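Below you'll find the structure, written out as structure tokens, and then a few comments.
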Amino acid sequence: MKAMVLKSPGGVENLILEDIPVPTIKDDEVLVKIKAISVNPVDATLRRNGDFLRLVLHLKKDENPVLLGWDISGVVEQTGSAVTRLRKGDEVFGMVNFTGHGKAYAEYVAAREDHVALKPSSVTHAEAAAATLAALTAWQTLVHLSGVKAGDKVLVHSAAGGVGHYAVQIARHLGAYVIGTSSAVNKDFVLGLGADEHIDYSKQRFEEWVNDADVVVDSVVEKDHLERSLQALKRKGKLISLVVFPDERLSRLALMSRKFLYRMEVGSDGADMQAIAELLGKGHLRSHISRTFSFHEIPLAHKELETGHTRGKIVIMM
37 MKAMVLKSPG GVENLILEDI PVPTIKDDEV LVKIKAISVN PVDATLRRNG DFLRLVLHLK
97 KDENPVLLGW DISGVVEQTG SAVTRLRKGD EVFGMVNFTG HGKAYAEYVA AREDHVALKP
157 SSVTHAEAAA ATLAALTAWQ TLVHLSGVKA GDKVLVHSAA GGVGHYAVQI ARHLGAYVIG
217 TSSAVNKDFV LGLGADEHID YSKQRFEEWV NDADVVVDSV VEKDHLERSL QALKRKGKLI
277 SLVVFPDERL SRLALMSRKF LYRMEVGSDG ADMQAIAELL GKGHLRSHIS RTFSFHEIPL
337 AHKELETGHT RGKIVIMM
């Protein structure tokens with residue numbers, strides 16, 4: 037099968053298209069013929085950083101080949117002996133083996149049955165593949181970690197991005213009052229997702245406009261951004277950091293101000309994928325795909341990701 041192999045950490049030129057064997061599935065796995073995959077900022081980060089690559093993929097010494105990616109949508113080709121829920125021919129999608137070596141940049145992927153869900157028939161493979169890591173991150177942040185309920189005020193940073201555009205929709209579905217930050221060019225897009233208010237981060241300091249949020253979802257890399265987000269919270273409010281690991285000083289500041297600060301760690305979960313599938317199928321959640329690439333254009337997709345200005349998701353079509 038064709039696979040986009042990472043020969044060594046570094047630039048996009050290290051992503052090489054090769055022929056490798058089709059994976060052999062375990063008893064609790066299914067073999068999925070891939071129709072679409074999506075790429076995420078973490079893919080590019082791992083491609084550049086060897087230490088992070090080994091840590092997140094749980095790589096063994098000299099393990100080869102190394103494949104990036106976790107987000108898939110496709111058709112079940114084979115089932116393991118312990119698989120009971122899925123059958124050959126089922127259309128499925130999910131985030132496979134995160135954290136771990138998901139090996140999604142390939143024509144076939146071995147996926148645990150409990151990491152995928154049935155794809156709604158009304159949703160394309162591209163839309164389903166997009167709604168995996170990013171949508172799971174938003175879902176697990178808002179539902180499990182934050183416990184968002186009707187009437188809560190939720191501030192979503194980078195609301196036009198991959199995680200952000202799902203977080204706005206999910207928070208709105210849960211009955212929250214949603215405020216989204218983005219550049220001015222994405223204002224109409226963010227409001228169209230269901231946000232009640234928009235803040236242009238380039239012209240307004242959000243913490244001067246919001247100081248009573250129940251939940252803040254922060255995916256911004258700048259170190260001082262988390263401290264500013266703390267100021268936007270009400271007492272006993274929850275700040276969820278998706279990217280930056282809070283340091284001791286910031287954790288102490290949150291404790292002193294009687295606010296909660298968490299670092300989100302998303303994980304593969306078929307039950308959560310099924311919840312997302314139901315939202316997609318009913319039209320309560322939709323994937324915005326900014327651009328699609330063919331499989332051999334994955335290096336170009338990484339370059340697009342690294343601009344940092346993607347609206348919604350980037351998808352690879354097989």
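If you read the sequence shown in our numbering, its first letter stands for residue 37, the second for the next number, and so on.
Backbone N, C-alpha and C define an ideal beta-carbon position, used for all residues, glycine too.
Every value quoted in this text rests on a predicted model; they were computed, and no experiment measured them.
Rounded to the nearest angstrom, how far is the Cβ of residue i from that of residue j, given a contact under 8 Å?
i: Glu-243; j: Arg-264; result: 5 Å
i: Arg-294; j: Arg-271; result: 5 Å
i: Ala-290; j: Phe-296; result: 7 Å
i: Gly-198; j: Gly-306; result: Rounded, the Cβ-Cβ distance is 21 Å, inconsistent with contact.
i: Glu-113; j: Leu-154; result: Their Cβ separation, rounded to whole angstroms, is 15 Å, which puts Glu-113 and Leu-154 out of contact at 8 Å.
i: Asp-236; j: Ala-220; result: 5 Å
i: Ala-196; j: Asn-222; result: 4 Å
i: Glu-149; j: Val-119; result: 5 Å
i: Val-128; j: Val-159; result: At roughly 12 Å, the Cβ-Cβ gap does not stay under 8 Å, so Val-128 and Val-159 are not in contact.
i: Met-309; j: Leu-181; result: Contact flag wrong, Cβ pair sits at about 17 Å.
Taking the alpha-carbon positions, what's the residue i to residue j distance?
i: His-320; j: Ala-165; result: 17 Å
i: Gly-228; j: Leu-122; result: 36 Å
i: Thr-60; j: Gly-211; result: 44 Å
i: Leu-178; j: Val-184; result: 6 Å
i: Phe-331; j: Tyr-202; result: 25 Å
i: Glu-65; j: Leu-95; result: 20 Å
i: Ser-277; j: His-324; result: 23 Å
i: Ser-238; j: Val-48; result: 30 Å
i: Asp-260; j: Gly-125; result: 49 Å
i: Gln-176; j: Val-302; result: 7 Å
i: Lys-189; j: Thr-115; result: 44 Å
i: His-193; j: Ser-218; result: 7 Å
i: Arg-322; j: Glu-163; result: 8 Å
i: His-15; j: Trp-245; result: Any question about residue 15 goes unanswered here, given that the chain covers just 37 to 354.
i: Lys-69; j: Asn-85; result: 29 Å
i: Ala-170; j: Ile-206; result: 12 Å
i: Thr-81; j: Pro-57; result: 26 Å
i: Gly-46; j: Asp-55; result: 21 Å
i: Ser-157; j: Lys-318; result: 11 Å
i: Gly-136; j: Asp-224; result: 37 Å
Compare the beta carbon distance of residue i and residue j with 9 Å and say whether it is the shorter of the two.
i: Leu-341; j: Pro-77; result: yes
i: Leu-53; j: Lys-38; result: yes
i: Val-132; j: Val-145; result: yes
i: Ser-255; j: Trp-106; result: no
i: Ile-312; j: Ile-334; result: no
i: Asn-247; j: Ala-268; result: yes
i: Val-257; j: Gly-273; result: no
i: Asn-50; j: Arg-90; result: no
i: Ala-140; j: Ile-73; result: yes
i: Gly-138; j: Ala-174; result: no
i: Gly-130; j: Thr-168; result: yes
i: Val-41; j: Leu-103; result: yes
i: Leu-172; j: Val-253; result: no
i: Tyr-298; j: Leu-266; result: no
i: Asp-63; j: Ser-117; result: yes
Between which two residues does the alpha helix (DSSP H) holding residue i run?
i: Ile-355; result: The structure shown does not extend to residue 355, since the chain is modelled only from 37 to 354, so the question has no answer here.
i: Trp-329; result: As written in the sequence, residue 329 is Phe, which differs from the Trp given in the question. First-last for Phe-329: 325-330, but that is the beta strand (DSSP E), not the alpha helix (DSSP H).
i: Gly-167; result: A small correction: the amino acid at residue 167 is Ala; Gly does not occupy that position in the sequence shown. Ala-167 -> no alpha helix (DSSP H), and no H or E assigned at all.
i: Met-292; result: 284-292
i: Leu-154; result: Where Leu-154 is concerned, there is no enclosing alpha helix (DSSP H), although the beta strand (DSSP E) it sits in stretches over 152-154.
i: Glu-143; result: Run containing Glu-143: none; DSSP gives neither H nor E here.
i: Phe-242; result: 242-245
With respect to the beta strand (DSSP E) encompassing residue i, which residues constitute its N-terminal and C-terminal limits?
i: Glu-113; result: 107-115
i: Phe-296; result: 296-299
i: Gly-130; result: 127-131
i: Gly-319; result: Neither: Gly-319 is in no beta strand (DSSP E) and is coded neither H nor E.
i: Leu-262; result: That residue, Leu-262, is in no beta strand (DSSP E); its alpha helix (DSSP H) goes 261-267.
i: Asp-254; result: 249-254
i: Met-353; result: 349-353
Only counting runs of 4 or more residues, tell me where the alpha helix (DSSP H) segments fall wholly within the region 42-101, in order along the chain.
77-84 and 86-93
Any alpha helix (DSSP H) of 4 or more consecutive residues that is wholly inside the region 174-240:
198-209 and 223-228
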